[in-house]
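The letter at position 73 of the sequence shown is residue 80 when you use my numbering, and the numbering goes up by one with no holes.
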Amino acid sequence: MQAVGAIPKKKEVAIVEHPQPSLGRDDEALVKSLEVGICGTDREICTFVYGDPPADSDYLVLGHESLGMITEVGNKVEGLKPGDLVVPSVRRPCSEPHCAPCQADLQDFCATGDFVERGIKMSHGFMTEFYTERDKYLHVVPPSLRDVAVLVEPLTIAEKAMAQVWPIQTRLPWVKHHHENGKPSGRGLNAVVLGAGPVGILGAMKLKAEGFNTFVYSRSQAPNPKASLVESLGIPYISALDTPLEALAERVGSIDLVYEAVGVSSIAYKVLSILGLNGIYVFTGIPAPKAPIEVDADLIMRNVVLKNQVVVGTVNADGQAF
């Protein structure tokens, strides 16, 4: 069958002939690929600055954001049946018995770095006609979400980020007791999302849904399709070309949360300098290798200490985020 593969030795991306999969375990399902998303990670894999093929292959099948349909299940598969729409998670645990996160199915916090990722690191992805996967890594999607389900995996980045933000910010008494319908609420708090790509827009939607006064800060001037989409959600779009950093802080007010989704360190660290008192800054982007940048490290360190700020990075997600 056909697949899209990145071939490091040839420095090319091509349609490759890939073996037709069949069930190899009782807890596996055979999945037909319906849609595959493409993100910045795929771009870096295609330019060969990132990504590793499996040890027994000279190419890496691309695709880690996927929607598929179950066509066959093993006799010990639970909760899945042919015809179900599913979204697979990306990361698989390392094999080290002393890695507590992986042993607890929290491989997104792997302590060894020897994890495997479908379509990224040492395991083929989903940009192929069919693939097999264990039932524990497949998440059923309601048919009513069919048209947007391929966005589930990038949405889990925001889900995991907020699952870390809230426990950290319970250090603040007004956040600890600020709940609506039994859940933490960002009502009255200001959030700035850096970047208007899929991860940024999905993050902005998550923040708005949780009650934050949310703003998207991106380079491109409005009007543009991304700005129109953001504003249709009731979220202000601010162009960096029109509004310099100092003016951003004046417009938003005290910034309680920054959700970085741009993957450009020169921009990310500049915005870190205007994070507000008791604020939290979430890094989600991974910058490509480039020349070193200059940052005012003294200012950043002074702010983090004197303003009780928290900086946290987040990558991938476990099953709970799906």
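Built from N, CA and C at the ideal position, the CB exists for glycine as well.
Note that the structure is a prediction, hence the values are computed from the model and not measured.
| Query | Result |
| --- | --- |
| Secondary structure at M129, three-state DSSP: helix, strand or coil? | strand |
| Compare the beta carbon distance of I127 and G44 with 8 angstroms and say whether it is the shorter of the two. | no |
| Take V23 as the anchor and find which of L37, C46 and D65 has the nearest alpha-carbon. | D65 |
| If you follow the beta strand (DSSP E) that L201 is in, where does it begin and where does it stop? | N197 to L201 |
| Taking all protein chains shown into account, decide if G270 is buried (16 or more other Cβ within 10 angstroms of its Cβ) or exposed. | buried |
| What do you get for D49, buried or exposed, if any count of 16 or more other CB atoms within 10 angstroms of its CB means buried? | buried |
| List the endpoints of the continuous beta strand (DSSP E) containing Q9. | Q9 to I14 |
| Please report the Cβ distance between E140 and P89, rounded to the nearest whole angstrom; I am assuming they are in contact, meaning their Cβ atoms lie under 8 angstroms. | That pair is no contact at about 14 angstroms. |
| With a 10 Å radius around its C-beta and 16 neighbouring C-beta atoms as the bar for buried, classify P299 as buried or exposed. | exposed |
| Report the start-end ranges of each alpha helix (DSSP H) in the region 177 to 233 that is 4 residues or longer and not cut off at the edges. | 180 to 183 and 205 to 216 |
| Where do the N-terminal and C-terminal ends of the beta strand (DSSP E) with T48 fall, by residue? | Careful: T48 lies outside any beta strand (DSSP E), inside the alpha helix (DSSP H) at G47 to C53. |
| Going by DSSP, which residues form a beta bridge with I22? | V11 |
| Comparing alpha-carbon positions, which option in S273, V317 and V312 lies nearest K297? | S273 |
| Taking the C-alpha atoms as reference points, what is the distance between K7 and A211? | Coverage of the chain is limited to positions 8 through 329, which leaves residue 7 absent and any answer about it impossible. |
| Helix, strand or coil: how does DSSP classify Y276 here? | helix |
| Go ahead and label R32 buried or exposed: buried means 16 or more other beta carbons lie within 10 angstroms of its beta carbon, across all protein chains shown. | exposed |
| Exposed or buried, what is Q327 when buried is set at 16 or more other beta-carbons lying within 10 Å of its beta-carbon? | exposed |
| Tell me the residue span of the beta strand (DSSP E) that contains I77. | E72 to V80 |
| Got a sec? Which residues, its chain only, sit under 8 angstroms from Y266 by beta carbon, not counting five neighbours each side? | A165, A168, A198, V199, V200, L201, G207, G210, A211, L214, V289 and T291 |
| Pick out whichever of A10, T177, E257 and P149 has its Cα sitting closest to the Cα of L69. | A10 |
| Among the candidates S40, S235, K16 and S261, whose CA atom is the shortest distance from the CA of F137? | S40 |
| Report the option in E79, D305 and L196 whose CA atom is closest to the CA atom of E217. | L196 |
| With which residues is S40 paired in a DSSP beta bridge? | G75 |
| State the DSSP-derived secondary structure class of E85, mapped to helix, strand or coil. | coil |
| Would D305 be called buried (16 or more neighbouring beta carbons within 10 Å of its own) or exposed? | exposed |
| Nearest to T54 by CA position, among K18, L74, D91 and L67, is which residue? | K18 |
| When the distance is taken between beta carbons, is V147 closer than 8 angstroms to D91? | yes |
| Could you tell me if S225 is buried or exposed, where buried requires 16 or more neighbouring beta carbons within 10 angstroms of its beta carbon? | buried |
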